[in-house]
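J.: The structure under discussion is supplied below as structure tokens; questions concerning it will follow.
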Amino acid sequence: MESSFLGINTVNFITSFLLATAVFLFMFMMGALMSWSERKQSAVLQDRIGANRASIPLPGGKKLALWGFINNLADAIKTLVKEDFKPRAYDFLMYNLAIFFAFVPATITAAVVPFAGVLKPAEFFQAWYLKWIPWLPEFFTNNLPDFSFRVQVADLNVGLLFIFAISGLNIFGAILAGWSSNNKFSMMGGMRGASQMISYEISMGISLLGLIFIYQQVDIWELVQAQRELAWGWLPKWGIFLQPFAFFLFLFAAIAENKRMPFDLPEAESEIISGYFTEYSGFKMLLFMFAEFITIAFVAVIVSTLFFGGYSVPYLMADGFHWPWGGFTQLSHATVVIMEILSFTLKVFFFCWLLQQMRWSLPRFRYDQLMKLGWKILLPLSILNLIVTIVIVALGGF
Amino acid sequence: MTDQYLPILIIIIVATATAGLILVLNALLGPKAKHRQDFPSKFTPFECGSDLLQDNQKRISIRFYLLALLFVLFDLEGILLYPWAVVGRTLGTIAYIEIFIFLFLLLVALFWAYRRKALDWR
């Protein structure tokens, strides 16, 4: 196992490849799941039944509808066989590039987020409920007894800055799509989108500074590690307890940054049709929708990572639960890792649900109100939050 | 260095390939586009059903020009604050005093922009 590829250990390469694909699929599936729950949750909120007609006929006269999930599958197939429509006098390069600028940054930002702690395959497959897997347990115990990796695609020391840099590329998606499709509504949508995104990006960045100042880190892995510590022996040092105010500032700024419902001026249907993707049809339009849902899922990911301890379960260490009252429950390595992945996924699901609940409960802002909220309220408040944090730290808090 | 950033490259390739594959499949599977001259109105930009008066390729007034300038300024200040926030606690009292002066200037600048109505959406 000493072979290498491009100067990188083969095992590491395969691990990164598998992890990258898994994280991409996770975000992609979150997009699919969100587009389903968006329909179903809005239906529940508005006292309707929602999508339930599309179904797969089963033998015996029954139909598999999966609570409307098959509708999404039908939508995907339908949009895939639509005509590849191109508007008149559009700009070929920019028109197609915009799709990639919207979709790719949305899916790759999750690359620096840890989905669980350290995974040791040789030990992982020893759990009694994983023994049935044919040859993997023997393979790892015989060939790679000491091999372990972090369940995180890339452990960058610039973590958070990477996220800001990549998610900033979304702006290009909106403005290129708006400009290149030769439509006034698209143009207006792109302009609105760009001005809204740049306005809220500042508050988003500055609201997190207090948290970074406390933990002295921008590396996401280390940020999660810092949140696993306990204050006074029982309270996990989650970001929400140290920076409760920053949580709300960041959440609102992030929703606005991603053009979500109370702030969805760039694609306000009753005003400017569909905003910057008016002239896109078929799966191109669906990719824009997907990118939007994935960015929402990513807001949930980043909020649960920075403010709710990421994958960490309170009191759960690498070998089991260390209860604050002194007890100890031993758990196998596989159980711990699976619990961490589950806890992360549950937190993400909770915030996805919360963001959708907000979307269907709140009316849309007016454009000047949107700008006012971003520049005159959120930005001064996030600077004040930073100042108060610095004062508390300087006086010996935390 | 390569070790750290290679996974990012992999995930970029995976995401780009997926999007590209979907677009190519859409172009291949869908019905072929008819000749444009036969269906002139189909290819005009969407205008709520009314005829197009003028094309879009002309200059428009970008209202958020001032906001974009302010964004550059404040974003640069945000970037300057990030390294300070990481090492700030280890630098001692002088760093605290300096950052307070900096943040004070930032707030004054914001307040000034507010008073000059640069933040208003007119």
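Taken in order, these protein sequences are the chains called A and B. Going by the numbering used here, 281 is the number at position 281 of the first sequence; the sequence numbering is gapless. Going by the numbering used here, 517 is the number at position 119 of the second sequence; the sequence numbering is gapless. Don't be surprised by glycine CBs; every beta carbon is placed ideally from N, CA and C.
1) Considering just the uninterrupted stretch of the alpha helix (DSSP H) at A:F321, what are its terminal residues?
2) Is A:I272 close to chain B? Criterion is C-beta to C-beta, closer than 7 Å.
3) What are the start and end residues of the alpha helix (DSSP H) that includes A:Q227?
4) Looking at chain A, is there any beta carbon in it that lies within less than 7 Å of the beta carbon of B:G490?
5) Let's test the definition: count the other Cβ atoms within 10 Å of the Cβ of A:L19 and tell me whether it reaches 16, buried, or not, exposed.
6) Apply the 10 Å Cβ neighbour rule to B:L402 and answer buried if 16 or more other Cβ atoms are within range, or exposed otherwise.
7) In the stretch 153–216 of chain A, which residue ranges form an unbroken alpha helix (DSSP H) of at least 4 residues, counting only runs that do not cross its ends?
8) Within 7 Å (strictly less), CB to CB, does A:N142 reach chain B?
9) Please tell me whether A:I403 has its Cβ less than 7 Å away from any Cβ of chain B.
10) B:W510: buried (16+ other C-beta within 10 angstroms of its C-beta) or exposed?
11) Would you mind telling me which residues of chain B sit closer than 7 Å to A:G61, beta carbon to beta carbon, in chain order?
12) Check whether the Cβ atoms of A:E279 and A:S186 lie closer than 7 Å to each other.
13) Whose C-alpha, out of A:R53, A:S35, A:I206, A:I390, is nearest the C-alpha of A:R359?
14) So, under 8 Å CB-CB, A:Y215 and A:A226 are touching, yes? Tell me the CB distance rounded to an integer number of Å.
15) With a threshold of 7 Å between beta carbons, is A:I206 in contact with chain B?
16) Identify which residue in A:I56, A:A291, A:M188 has its Cα closest to the Cα of A:T109.
17) Less than 7 Å between the C-beta atoms of A:L209 and A:G239, yes or no?
18) So what's A:A231 in DSSP terms, helix, strand or just coil?
19) Taking A:S382 and A:S203 to be in contact with their CB atoms under 8 Å, please state how far apart those CB atoms are, rounded to whole angstroms.
20) Can you have a look at A:N170 and say buried or exposed, based on whether 16 or more other CB atoms are within 10 angstroms of its CB?
21) Is it true that the CB of A:E257 sits closer than 7 Å to the CB of A:M197?
22) By Cβ distance, which residues of its chain are closer than 7 Å to A:F213, with the 5 residues on each side in sequence left out?
23) What whole-angstrom Cβ distance do A:G159 and A:I175 have, given they're in contact under 8 Å?
24) So with Cβ pairs under 7 Å, would you call A:F451 a contact of chain B?
25) Would you mind sorting A:Y95 into buried or exposed? The rule is 16 or more other CB atoms within 10 Å of its CB.
26) Between the stretch 352–370 of chain A and the stretch 258–268 of chain A, can you find at least three pairs of beta-carbon atoms closer than 8 Å?
T.: On the basis of the supplied data:
1) Position 321 of the first sequence, counted from the start, is the residue given in the question as residue 321 of chain A. Note, A:F321: premise wrong, no alpha helix (DSSP H); beta strand (DSSP E) at 320–322.
2) Locating residue 272 of chain A in the first sequence gives position 272, where the first residue counts as 1. With 7 Å as the cut-off, A:I272 does not count as an interface residue toward chain B.
3) Indexing the first sequence from 1 puts residue 227 of chain A at position 227. Here the alpha helix (DSSP H) through A:Q227 covers 220–227.
4) Locating residue 490 of chain B in the second sequence gives position 92, counting from the first residue. Cβ-Cβ to chain A under 7 Å: no for B:G490.
5) Counting from 1 along the first sequence, the entry for residue 19 of chain A is found at position 19. The residue is buried, with at least 16 neighbouring Cβ atoms inside 10 Å.
6) Taking the second sequence and counting its residues from 1, one reaches residue 402 of chain B at position 4. Correcting the residue identity first, residue 402 of chain B is Gln in this sequence and not Leu. So B:Q402 counts as exposed.
7) 159–167, 170–180, 184–207, 209–215
8) Here residue 142 of chain A refers to the residue found at position 142 when the first sequence is read from its first residue. No, its Cβ sits nowhere closer than 7 Å to a Cβ of chain B.
9) Nothing in the structure corresponds to residue 403 of chain A, since chain A is present only between 1 and 398.
10) Mapped onto the second sequence, residue 510 of chain B falls at position 112. So B:W510 ends up on the exposed side.
11) Here residue 61 of chain A refers to the residue found at position 61 of the first sequence. By Cβ distance, chain B contributes nothing, its closest Cβ being about 31 Å from A:G61, past 7 Å.
12) Position 279 of the first sequence, counted from the first residue, corresponds to residue 279 of chain A. Position 186 of the first sequence, counted from the first residue, corresponds to residue 186 of chain A. Yes, the Cβ-Cβ distance between A:E279 and A:S186 is below 7 Å.
13) For this step, residue 359 of chain A is matched to residue 359 along the first sequence. A:R359 has its Cα closest to that of A:S35, out of A:R53, A:S35, A:I206, A:I390.
14) Numbered from its first residue, the first sequence carries residue 215 of chain A at position 215. Numbered from its first residue, the first sequence carries residue 226 of chain A at position 226. That belief holds up - the Cβ atoms of A:Y215 and A:A226 are roughly 5 Å apart, short of 8 Å.
15) Residue numbering aside, residue 206 of chain A sits at position 206 when the first sequence is read from its first letter. Yes, contact with chain B.
16) Counting from one through the first sequence, the residue named residue 109 of chain A turns up at place 109. Selected option, being the one with the closest Cα: A:A291.
17) By one-based count along the first sequence, residue 209 of chain A stands at place 209. By one-based count along the first sequence, residue 239 of chain A stands at place 239. Their beta carbons are not under 7 Å apart, which means A:L209 does not touch A:G239 by this criterion.
18) Walking along the first sequence from the start, residue 231 of chain A turns up at place 231. The answer is strand: DSSP assigns A:A231 an E or B state.
19) Locating residue 382 of chain A in the first sequence gives position 382, where the first residue counts as 1. Locating residue 203 of chain A in the first sequence gives position 203, where the first residue counts as 1. Yes, A:S382 and A:S203 are in contact; Cβ-Cβ is about 5 Å, under 8 Å.
20) The count along the first sequence starts at 1 and reaches residue 170 of chain A at position 170. Buried: at least 16 other Cβ atoms inside 10 Å.
21) On the first sequence, residue 197 of chain A is found 197 positions in, with the first residue counted as 1. On the first sequence, residue 257 of chain A is found 257 positions in, with the first residue counted as 1. Yes, the pair counts as a contact, with Cβ atoms nearer than the cut-off.
22) Along the first sequence, one-based indexing puts residue 213 of chain A at 213. For A:F213, where only same-chain residues beyond five positions count, the Cβ hits under 7 Å are T389, I390, V393.
23) Locating residue 159 of chain A in the first sequence gives position 159, where the first residue counts as 1. Locating residue 175 of chain A in the first sequence gives position 175, where the first residue counts as 1. About 27 Å; that fails the 8 Å criterion.
24) This structure cannot settle anything about residue 451 of chain A, because the visible part of chain A is limited to 1 through 398.
25) Locating residue 95 of chain A in the first sequence gives position 95, where the first residue counts as 1. Flag for A:Y95 reads buried.
26) yes
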